[in-house]
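Contents: one structure, followed by commentary.
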Amino acid sequence: MFPYRWPVLIRVSAVRIGDLMDVQPFISVLIVPGLLFTSVMAFLYAGMYRKVRARMQNRRGPPFVQPFYDFIKLLSKDSIKPEKSGMLFTWAPIIALASVLIVPILFPIGGLSFAGDLIVVIYVLNVSAIMLAVGGFSSGSPFGAVGGSREVTQLFAYELPLAISMVAVAVKASSFSLVGIAGAQEAGGMFFYQLPFACIAFLSIIPAKIGLQPFDIPEAEQEILGGPFVEYSGYRLAIFTFANQVKYFVVISLAVILFFWRNWWQFLITGFLLWLLFIFVKIISARVKTDQSFVFFWQYMGILALVDLVRVVI
Amino acid sequence: MDMVVQFGPQHLALAEPERFKVHTEGEKVVDVEVAVGYNHRGIEKLAERKTFEQDILLVERICGICSMSHPVAFTQAVEDIAGVDIPERANYLRMIIAELERIHSHLLWAGIAAEIIGIETLFMYIWKDREYVLDQLEIITGNRNHYAWNTIGGCRKDITEKHIPPLLTALEVVERRTEYYIDAFLRNRTIRARLVGTGILPREDARKLCTVGPTARASGYAVDVRKDDPHLAYDKVDFAEIVLGEGDNMARAKVRLLEILESVKIIRQAAKAIKGLPEGDIAVPVAEIPPGESVGRYEAPRGEVFHYVKSNGTFYPERVKVRAPTYSNIQAVPTMLMGDTLADVPISLASIDPCFCCTDR
Numbered sequence: 001m002f003p004y005r006w007p008v009l010i011r012v013s014a015v016r017i018g019d020l021m022d023v024q025p026f027i028s029v030l031i032v033p034g035l036l037f038t039s040v041m042a043f044l045y046a047g048m049y050r051k052v053r054a055r056m057q058n059r060r061g062p063p064f065v066q067p068f069y070d071f072i073k074l075l076s077k078d079s080i081k082p083e084k085s086g087m088l089f090t091w092a093p094i095i096a097l098a099s100v101l102i103v104p105i106l107f108p109i110g111g112l113s114f115a116g117d118l119i120v121v122i123y124v125l126n127v128s129a130i131m132l133a134v135g136g137f138s139s140g141s142p143f144g145a146v147g148g149s150r151e152v153t154q155l156f157a158y159e160l161p162l163a164i165s166m167v168a169v170a171v172k173a174s175s176f177s178l179v180g181i182a183g184a185q186e187a188g189g190m191f192f193y194q195l196p197f198a199c200i201a202f203l204s205i206i207p208a209k210i211g212l213q214p215f216d217i218p219e220a221e222q223e224i225l226g227g228p229f230v231e232y233s234g235y236r237l238a239i240f241t242f243a244n245q246v247k248y249f250v251v252i253s254l255a256v257i258l259f260f261w262r263n264w265w266q267f268l269i270t271g272f273l274l275w276l277l278f279i280f281v282k283i284i285s286a287r288v289k290t291d292q293s294f295v296f297f298w299q300y301m302g303i304l305a306l307v308d309l310v311r312v313v314i
Numbered sequence: 315m316d317m318v319v320q321f322g323p324q325h326l327a328l329a330e331p332e333r334f335k336v337h338t339e340g341e342k343v344v345d346v347e348v349a350v351g352y353n354h355r356g357i358e359k360l361a362e363r364k365t366f367e368q369d370i371l372l373v374e375r376i377c378g379i380c381s382m383s384h385p386v387a388f389t390q391a392v393e394d395i396a397g398v399d400i401p402e403r404a405n406y407l408r409m410i411i412a413e414l415e416r417i418h419s420h421l422l423w424a425g426i427a428a429e430i431i432g433i434e435t436l437f438m439y440i441w442k443d444r445e446y447v448l449d450q451l452e453i454i455t456g457n458r459n460h461y462a463w464n465t466i467g468g469c470r471k472d473i474t475e476k477h478i479p480p481l482l483t484a485l486e487v488v489e490r491r492t493e494y495y496i497d498a499f500l501r502n503r504t505i506r507a508r509l510v511g512t513g514i515l516p517r518e519d520a521r522k523l524c525t526v527g528p529t530a531r532a533s534g535y536a537v538d539v540r541k542d543d544p545h546l547a548y549d550k551v552d553f554a555e556i557v558l559g560e561g562d563n564m565a566r567a568k569v570r571l572l573e574i575l576e577s578v579k580i581i582r583q584a585a586k587a588i589k590g591l592p593e594g595d596i597a598v599p600v601a602e603i604p605p606g607e608s609v610g611r612y613e614a615p616r617g618e619v620f621h622y623v624k625s626n627g628t629f630y631p632e633r634v635k636v637r638a639p640t641y642s643n644i645q646a647v648p649t650m651l652m653g654d655t656l657a658d659v660p661i662s663l664a665s666i667d668p669c670f671c672c673t674d675r
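Residue numbers (the working numbering), protein chains in the order written: chain A, 1 to 314; chain B, 315 to 675.
Okay, here's the thing in structure tokens:
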């Protein structure tokens, strides 16, 4: 599906190499919407996060590209590996980054969507959360272990409403692929109007998924010193942080594709607006506790999502 | 899963070094060991080697935030030994600075509490508004902290007519903003979820553990030196003693925020009162300190500061004993934490407004 035209340069070169092989997968994986596009968007989201937050708090804030500078700087620093830590200490950030980078490849803006890729998205996003927990556990620090166990608990809390709301969308679109879901919305209007409860449930999960207040329980700096990240430094920390920033973009974009899809440029704009909303929610709320988030997700959001699933199925 | 989590000596939630060994089962706290002494500087011993005049400077530096509390308690004890009555105006001047300090200390606490429960916006806002008070302190005394305001027998500077209007303007801003923060603390659901019902200290325990200040008053145990043993000019002004019964973190937050409003009231009355007193009459000379001993009590922002001074007739005190409010309140922390989750430890710990440099001296 090509909802927009490639820039001429890419098309010309594509034709030449295209005589030898099919270049479309390479472009999808490496350029748009894969690695390059996602990285730029991730740094943009992270820069916006810091700048907007600072302006709302009466501060100046860092320059817009500061997350990128931080990334480069962290790569040049020593990365200390604690004595007690295992092999997974190194692999956890890498797997986390790899898993979140898989998701945008499936996006319906020139991605390699296939039937049933929604299941892959759910799975792959969980892998990144689990890697956070694994990284915490393997660091051998009690703060990391507490952070890891909180991350797993959090995963159990939000997974149910997340799955229900995604299934509601899939049933409504009668397709388990992102392209199918986007296509159904182009034909019949945004799912936000048709599945408002599932949409609210999904949006409420986003802060937990990307670790923002009020659900940044696993990373609580003042309580457990950043939880899983406590022992990380250097390139390992750079990769982990970058994986998190990619997650900002990926999860927000997923929400747009599932509930607010219209076309590719409105996809970008809606993404930025949603991100503004979540920054705003972050700066006006305190961090709740694990038991409170559990009650919130299972009691309220789970039921909310279920209402729409039942409505769709009937 | 039993685990021991060390809070401190270095921890983000603690600005100063002190160690809390928290024994947990999963996330539930089952035992807390408090270890103090990481910040010991031997100030009491040092005070014996300096003259009384120099000791005022020294005790002022026990703590950066209660830098009015210790000198007032100390000079009160020394003045009691010397048998001098300080001028009425000096009492009011000391009280104005003391209450300004209480406002900035309570605002500082509210900001830190907000930061610890994860709402950093409120922290930024509150600390910005705290600057109004610090500016006034700088205009009046010359310093944002460590005011050098006291001397044996009175004060060192005067508050003149030109100081009063900006002071009252700043107080108006602070009062309005504090009302907004009270509203924020009471109505924001996420803040309520964190503060209500956590870190409960029952009244009986508060009394048994000798807690003082806002910590005690939030548990319904009414102790306030300003009311119980009026010093300075506290018996001449009208203010309410805020006593709440819940004993949880929210009650301690409320007590502090409401006390800011009471402090504003006190300063307004004092600013009116000093107009009727002769300007410049701020200190009486004290030639020598006779042998003797006495105590000075003062209600600091965190609770009662207690100084014991013994003189042997020389220029040097024979003994200076300081008891800071946090030393009493820190004993209540294990009781507050027992049965709560690990997530509540930092905020419950901060809810006594700990000042470890006072504690260890």
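The beta carbon of each residue, even a glycine, is placed where N, CA and C say it ideally should be.
- With contact defined as three or more Cβ pairs closer than 8 Å, the region 70-86 of chain A and the region 229-248 of chain A are in contact.
- At least 8 Å separates the CB of D70(A) from every CB of chain B.
- Taking C-beta atoms under 8 Å as the contact rule, A638(B) and V619(B) qualify, at a distance of about 6 Å.
- Cβ-Cβ separation between A305(A) and P161(A): approximately 5 Å, consistent with a contact (criterion under 8 Å).
- Not a single CB atom of chain B sits nearer than 8 Å to the CB of V23(A).
- Within chain B, no residue has its CB atom less than 9 Å from the CB of P63(A), the nearest being about 19 Å off.
- Here Q583(B) is not bridged, per DSSP, to any residue.
- At a cut-off of 8 Å between beta carbons, R55(A) makes no contact with chain B.
- Close CB contacts of D667(B) within its chain, under the 6 Å cut and outside five residues either way in sequence, are with W423, R616 (chain order).
- If you check the CB distance, A42(A) and Q245(A) come in under 8 Å.
- The residue among V281(A), V146(A), V179(A) with its C-alpha nearest the C-alpha of P207(A) is V281(A).
- Contact annotation: in the region 273-295 of chain A, residues whose CB is within less than 8 Å of a CB in chain B are I283, I284, S285, A286, R287, V288, K289, T290, D291, Q292.
- G425(B) is outside the set of residues whose beta carbon lies under 8 Å from a beta carbon in chain A.
- Around G136(A), the same chain offers G144, A145, G147, G148, E151, G227, P228 as residues with beta carbons nearer than 7 Å, after the five sequence neighbours per side are excluded.
- In this structure the region 112-130 of chain A touches the region 168-180 of chain A; the number of beta carbon pairs closer than 8 Å is three or more.
- About 5 Å separates the beta carbon of S85(A) from that of S138(A), a gap short enough to meet the 8 Å contact definition.
- Per the Cβ contact rule, the region 523-535 of chain B is not in contact with the region 623-636 of chain B (fewer than 3 Cβ pairs under 8 Å).
- Those residues of the region 335-348 of chain B placed with their C-beta closer than 9 Å to a C-beta in chain A are T338, G340, E341, ordered along the chain.
- In the DSSP annotation of this structure, the continuous segment of the beta strand (DSSP E) that includes T338(B) starts and ends at 333-339.
- For the region 133-146 of chain A, residues whose beta-carbon sits nearer than 9 Å to a beta-carbon of chain B comprise P142, F143, A145, V146.
- In the structure shown, the three-state DSSP call for V636(B) is strand.
- Short of 6 Å from the beta carbon of H477(B), and not among the five residues preceding or following it, lie these beta carbons of its own chain, in chain order: I454.
- For the 8 Å CB-CB criterion, G271(A) and I252(A) form a contact.
- Three or more Cβ pairs closer than 8 Å define a contact, and the region 402-415 of chain B meets that threshold against the region 591-598 of chain B.
- Listed along the chain, the chain A residues whose CB falls inside 7 Å of the CB of V510(B) amount to none; the nearest CB is some 11 Å away.
- E452(B) and R444(B) do not touch by the CB rule: their CB atoms are close to 13 Å apart, not below 8 Å.
- Y439, K442: these are the residues of the region 439-468 of chain B whose beta carbon lies less than 9 Å from some beta carbon of chain A, given in chain order.
- A straight-line Cα-Cα distance of about 10 Å links G188(A) and R262(A).
- In the DSSP annotation of this structure, D345(B) is not part of any alpha helix (DSSP H); the continuous beta strand (DSSP E) holding it starts and ends at 342-349.
- At least one CB of chain A lies nearer than 8 Å to the CB of L656(B).
- The C-alpha of Y406(B) is placed about 16 Å away from the C-alpha of E393(B).
- Under a 10 Å Cβ-count criterion, N464(B) is classified as buried, with 16 or more other Cβ atoms of the shown protein chains found around its own Cβ.
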